[in-house]
Amino acid sequence: IIGEWVFVLTFVLPGFIVAMFTVFIVFVLVISVILLPAVAAAERNGEAFTAILETFSTVIRQPIRWVVYTVYAGVAAKVFSFVYAYFSYRAVQFFTWCTSITAGEKAEQLVRSGLSHLPVTSPVAKELFTIFPGIDWSFSVTAWSHGGSNDAAGYGMAVMLFLIFITIIGYALAIIATAQARGYVVIRFIKDDYKIAGEASLFFTEEHVNAPVTSNNPDTDNR
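In our numbering, the protein residues as written are 189 to 411.
What follows is the structure in structure tokens.
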């Protein structure tokens with residue numbers, strides 16, 4: 189009975205308040221996976237506490253703008269990574285065709301062997317090879333994953349093709365990181381009236397040296 193009343197009487201104060209702050213902190217920590225690298229890169233003195241403080245400040249004071257920049261980054265990353273994936277697919281086809289001129293069917297067989305060892309029908313592959321979920325605008329490499337062999341070279345080709353696949357994901361993450369960095373520069377200016385682009389360079393710059401002073405007398409200059 190006492191435990192029930194303790195739970196009831198402390199449900200709002202301090203239970204609900206503490207839980208609300210805890211949920212908010214966890215939420216910002218999840219967001220910081222995307223935002224914190226951009227904030228830390230813009231922190232001139234490299235202080236971790238300042239970067240964390242600016243992350244919270246951005247989410248609290250400019251949530252709408254940050255959400256807009258993040259949505260834009262996600263859409264741009266999805267579209268342009270799909271374009272890059274399609275060009276990578278055609279590049280592999282072109283290189284295989286060029287090699288098959290002299291190597292015959294062996295080149296295409298190696299590519300098929302490599303794809304047969306990869307999960308080309310996985311949900312991740314399908315999403316990367318589709319411009320947007322639910323839109324029937326995509327390409328597939330499933331047809332290339334048949335007719336291979338279990339040779340050692342086929343496993344090596346699987347590693348090479350997997351590296352190409354990883355670059356598609358890396359390209360999408362690079363777009364998101366770039367958009368976050370540019371968005372944070374704008375948000376910081378709106379929020380604090382501070383221009384990050386106006387900071388002095390952290391790289392070495394040569395000191396200004398005045399031009400040598402010369403007199404109007406040629407004889408003196410020659411000496």
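Even glycine gets a Cβ: it sits at the ideal position worked out from N, Cα and C.
What residue range is occupied by the uninterrupted alpha helix (DSSP H) comprising residue i?
{"i": "R370", "result": "340-380"}
{"i": "F237", "result": "236-249"}
{"i": "W193", "result": "190-197"}
{"i": "F215", "result": "205-230"}
{"i": "S304", "result": "294-304"}
Mind checking who residue i pairs with in its DSSP beta bridge?
{"i": "S333", "result": "DSSP lists no partner for S333."}
{"i": "S326", "result": "T318"}
Going along the chain, which residues of its own chain have a beta-carbon closer than 6 Å to the beta-carbon of residue i, five neighbours each way excluded?
{"i": "S269", "result": "I356, Y359, A360"}
{"i": "A239", "result": "V227, A228, E231"}
{"i": "V373", "result": "I384"}
{"i": "L224", "result": "T243"}
Below 7 Å CB to CB, which residues in the same chain sit around residue i once its five sequence neighbours on both sides are set aside?
{"i": "Q250", "result": "I375, I378, K379"}
{"i": "G344", "result": "none"}
{"i": "Y382", "result": "R376"}
{"i": "S288", "result": "A295, E296"}
{"i": "L298", "result": "A341, G342, M345"}
Excluding sequence positions up to five away, which residues of its chain have a Cβ less than 8 Å from the Cβ of residue i?
{"i": "P321", "result": "E315"}
{"i": "K266", "result": "I319, F320, A360"}
The region 248-262 in contact with the region 304-315 per 3-pair CB rule at 8 Å: Too few Cβ pairs lie closer than 8 Å, so no.
- prompt: How do the region 309-321 and the region 270-282 stand: do at least 3 beta-carbon pairs fall below 8 Å, yes or no?
  reply: The region 309-321 and the region 270-282 touch, with no fewer than 3 CB-CB distances between them shorter than 8 Å.
query: Within the chosen definition, does the region 219-238 reach the region 337-350 through at least 3 CB pairs nearer than 8 Å?
result: No: the two stretches stay apart, fewer than three of their Cβ pairs being nearer than 8 Å.
message: Using 8 Å as the cut-off, can you tell me whether the region 200-210 makes contact with the region 341-355, which would need three or more C-beta pairs spanning the two stretches below that distance?
response: No, because fewer than three Cβ pairs between the region 200-210 and the region 341-355 fall closer than 8 Å, the two stretches do not touch.
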